[in-house]
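*Asks:*
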Amino acid sequence: GDFDLGVTAARIHTMGADVVDSFYVEPPGGGLLVDEGLQAEIRRALLDELDPGTARQLT
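My numbering numbers the first residue of the sequence shown as 56 and each following residue consecutively.
#1: Which residue comes first and which comes last in the alpha helix (DSSP H) that contains Ala72?
#2: Provide the residue span of the alpha helix (DSSP H) that contains Asp103, from first to last.
#3: Assign Gly61 to one of three DSSP states: helix, strand, or coil.
Following this line, the structure appears as structure tokens:
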């Protein structure tokens, strides 16, 4: 879904053979994304894009 979030920072870290990408987002108008239900919905949507089977396991 379209959550209308803004990416405020993106970081890439390498740890040996592993890579960790971090994206910091905020809702329209800024501030913290404190709604835990919305956080879970965003997490499922991201995981579904990366691996559709993983997201279904979280629901």
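Even for Gly, the Cβ is constructed at its ideal location relative to N, Cα and C. Treat the numbers as computed from the prediction; the structure is a model and nothing was measured.
*Replies:* To lay it out plainly:
#1: That residue, Ala72, is in no alpha helix (DSSP H); it is neither H nor E in DSSP.
#2: 91-105
#3: strand
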